[in-house]
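Participant: Below are the structure tokens for one structure; questions will follow.
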Ligand code: F3S
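In this note's numbering, the protein residues as written are 29 to 425.
The structure is reproduced here in structure tokens:
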């Protein structure tokens with residue numbers, strides 16, 4: 029790879045050990061993927077924040093980098109293993125909390141903005157079209173490339189941190205025009221509405237075309253919340269880092285010749301696959317993390333009601349703060365539902381605590397089952413609230 033003088037100096041250790049180590053990671057990655065050079069990034073989002081995933085080896089690695097590493101660009105974090113303030117009420121142990129806080133402290137020492145969220149675009153980490161960035165979280169990567177039109181590969185935690193400490197990423201993959209073109213046209217032959225249905229659509233497309241960029245036609249409208257749910261699902265079930273929705277997303281692409289269709293029956297089949305035989309004991313909204321609009325919706329639905337099941341609302345802390353000022357937090361907490369900021373029902377170490385998760389998220393269903401061994405049911409947010417309040421028996425979409 030061709031390095032500039034400044035990059036070569038960073039690689040030689042002129043800016044300290046953390047930068048030197050980071051350059052080693054970026055150069056190795058670039059060589060593996062055939063990048064000719066590095067490119068400047070304007071923002072970073074780092075995954076692998078939960079102590080549950082990192083363990084002591086990860087914690088030591090971060091502490092080592094924190095000795096002399098300082099981020100060069102705006103950098104935020106993916107969800108951690110617990111609500112950093114309200115961890116006790118959510119049932120975390122002190123041992124886990126201490127380790128998780130040490131992880132966050134190391135990131136803070138490096139100058140990372142320690143807001144832990146998979147929707148960084150709601151809290152000010154929102155790149156502009158065509159800017160190069162280095163993000164890790166798969167749902168955020170799909171949203172970033174497709175909805176914001178910025179450019180990022182799906183980084184691992186260490187490579188994203190290396191980009192934060194150097195302000196660079198290798199120029200390959202999603203950073204290059206030729207890899208961003210749609211390869212398959214997808215004709216959606218049924219109306220899609222609601223986050224759970226957009227999640228089902230993401231699964232059907234992802235399973236059919238894997239990680240190929242898609243050009244989707246037939247969707248009349250899609251809200252930000254529906255797009256984040258769709259992006260999370262297509263990334264989970266197919267591994268895609270970019271999609272196009274005709275008339276909705278901003279990027280331009282040649283329209284591909286290869287085409288497939290998605291039918292109403294396929295969407296229904298996907299939804300039916302998330303209807304395990306179980307009694308819901310855990311309800312969660314906010315995968316990916318709730319927007320302010322979703323918090324308003326949940327607050328309206330919960331107003332004057334009491335939940336009878338464990339109900340987590342997961343969101344970024346700054347979004348909760350905004351919701352607090354608007355009175356939504358009080359309404360939600362008065363019902364007995366709990367905010368789980370900084371974390372979610374997947375990355376939190378709650379395996380064994382619950383048996384049956386109800387969520388509106390296709391991604392939440394996948395990882396709830398795969399990581400936490402939950403049985404799962406998918407529902408609209410309206411019906412999740414009814415389920416949490418004991419107003420429904422069985423499964424309704
Ligand atoms: Fe975010 Fe957790 Fe879902 S990180 S996308 S809420 S699995």
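Cβ coordinates follow ideal geometry from the N, Cα and C atoms, glycine included. As the structure is a computational prediction, the values presented were derived from the model and not from experiment.
Mind checking which residues open and close the beta strand (DSSP E) that includes residue 366?
Facilitator: Counting along the chain, the beta strand (DSSP E) containing residue 366 begins and ends at 366-369.
Participant: For residue 223 and residue 351, I'd like the C-alpha separation in whole angstroms.
Facilitator: Straight-line Cα distance between these residues: approximately 20 Å.
Participant: According to DSSP, is residue 411 part of a helix, a strand, or is it coil?
Facilitator: Note: residue 411 maps to helix in three-state DSSP.
Participant: Quick test of your reading: residue 415 and residue 341, contact by CB under 8 Å. State the CB separation rounded to the nearest angstrom.
Facilitator: The pair is not a contact, with the Cβ atoms about 14 Å apart (cut-off 8 Å).
Participant: Just the C-alpha distance for residue 294 and residue 174, rounded to the nearest angstrom, thanks.
Facilitator: The straight-line gap from Cα to Cα measures roughly 24 Å.
Participant: Counting along the chain, where does the alpha helix (DSSP H) carrying residue 346 start and finish?
Facilitator: That run of the alpha helix (DSSP H) goes 345-353.
Participant: Sort out for me which residues DSSP pairs residue 226 with in a bridge.
Facilitator: Residue 226 pairs with nothing; no bridge assigned.
Participant: What residue range is occupied by the uninterrupted alpha helix (DSSP H) comprising residue 135?
Facilitator: Per DSSP, residue 135 belongs to the alpha helix (DSSP H) from 122-137.
Participant: Check for me: the beta strand (DSSP E) holding residue 105 runs from which residue to which?
Facilitator: Its beta strand (DSSP E) spans residues 102-105.
Participant: Using a Cβ-based criterion (distance less than 7 Å to any ligand heavy atom), does residue 77 qualify as near the ligand F3S?
Facilitator: Not under cutoff, so the answer is no.
Participant: Could you please give me the residues that DSSP links to residue 295 through a beta bridge?
Facilitator: DSSP, once it has assigned bridges, lists no residue as partnering residue 295.
Participant: So, is residue 234 buried or exposed, given that buried needs 16 or more other C-beta atoms within 10 angstroms?
Facilitator: Under this definition residue 234 is a buried residue.
Participant: Checking 8 Å against the spacing of the C-beta atoms, do residue 107 and residue 370 come in under that value?
Facilitator: For residue 107 and residue 370, yes; Cβs fall inside 8 Å.
Participant: For residue 249, count neighbouring Cβ atoms within 10 angstroms of its own Cβ and tell me buried if that reaches 16, exposed if not.
Facilitator: Residue 249 is exposed by the Cβ-count criterion.
Participant: Let me know the secondary structure DSSP gives residue 275 once reduced to three states.
Facilitator: Three-state DSSP puts residue 275 in coil, outside helix and strand.
Participant: In this structure, how does DSSP classify residue 316 when only helix, strand and coil are distinguished?
Facilitator: Three-state result, residue 316: strand.
Participant: Tell me, please, which residues DSSP counts as bridged to residue 384.
Facilitator: Note: residue 384 sits in a beta bridge opposite 403.
Participant: Grab the span of the beta strand (DSSP E) containing residue 68 for me, first residue to last.
Facilitator: Start and end: 66-68.
Participant: Taking the continuous alpha helix (DSSP H) assigned at residue 290, which residues delimit it?
Facilitator: Residue 290 -> not in any alpha helix (DSSP H); beta strand (DSSP E) instead, spanning 287-290.
Participant: Ignore the nearest five residues each way along the sequence and tell me which others in residue 241's own chain have a CB closer than 6 Å to its CB.
Facilitator: So the qualifying residues of the chain are 210, 211 and 270.
Participant: Is the region 126-133 touching the region 165-185 in the sense that three or more CB pairs, one from each, lie closer than 8 Å?
Facilitator: No, the region 165-185 is not in contact with the region 126-133.
Participant: In the DSSP assignment, what residue or residues form a beta bridge with residue 192?
Facilitator: In DSSP, residue 192 forms no bridge with anything.
Participant: Sort 89, 366 and 330 by Cα distance to residue 418 and report the nearest one.
Facilitator: Of the candidates 89, 366 and 330, the one whose C-alpha sits nearest the C-alpha of residue 418 is 330.
Participant: Check residue 61 in the structure and name its three-state DSSP category.
Facilitator: DSSP places residue 61 in coil when its eight states are reduced to three.
Participant: Taking DSSP's pairing of strands, which residues face residue 339 in a bridge?
Facilitator: For residue 339, which the question treats as bridged, DSSP gives the partners 311.
Participant: Note the first and the last residue of the continuous beta strand (DSSP E) segment covering residue 243.
Facilitator: Note, residue 243: beta strand (DSSP E), 242-245.
Participant: Quick one: measure Cβ to Cβ for residue 164 and residue 184, integer angstroms, because I've assumed they're closer than 8 Å.
Facilitator: The Cβ separation is near 7 Å, so the contact holds.
Participant: Starting from the Cα of residue 193, find the closest Cα among 287, 323, 154 and 48 and give me that residue.
Facilitator: For residue 193, the nearest C-alpha among the options comes from 48.
Participant: Consider the C-beta atom of residue 107 and the heavy atoms of the ligand F3S; say whether any pair is separated by less than 7 Å.
Facilitator: Indeed, a heavy atom of the ligand F3S lies less than 7 Å from the Cβ.
Participant: Do the region 369-387 and the region 270-286 make contact, defined as three or more Cβ pairs closer than 8 Å?
Facilitator: No: fewer than three Cβ pairs fall under 8 Å.
Participant: The alpha helix (DSSP H) that contains residue 34, what's its start and end?
Facilitator: Run containing residue 34: 33-39, per the alpha helix (DSSP H) assignment.
Participant: May I ask which residues mark the beginning and end of the beta strand (DSSP E) holding residue 426?
Facilitator: This structure does not reach residue 426, given that the chain is present from 29 up to 425, and the question cannot be answered.
Participant: In the structure shown, what three-state DSSP assignment does residue 71 receive?
Facilitator: In this structure, residue 71 counts as strand in the three-state DSSP scheme.
Participant: Flag this pair as yes or no: are the beta carbons of residue 267 and residue 239 separated by less than 8 Å?
Facilitator: In this structure, residue 239 lies closer than 8 Å to residue 267 by Cβ.
Participant: Please determine whether the Cβ atom of residue 377 lies at a distance below 7 Å from any heavy atom of the ligand F3S.
Facilitator: No, the ligand F3S has no heavy atom inside 7 Å of this Cβ.
Participant: Which one or two residues does DSSP pair with residue 212 in a beta bridge?
Facilitator: In the DSSP output, where bridge partners are listed per residue, residue 212 has 242.
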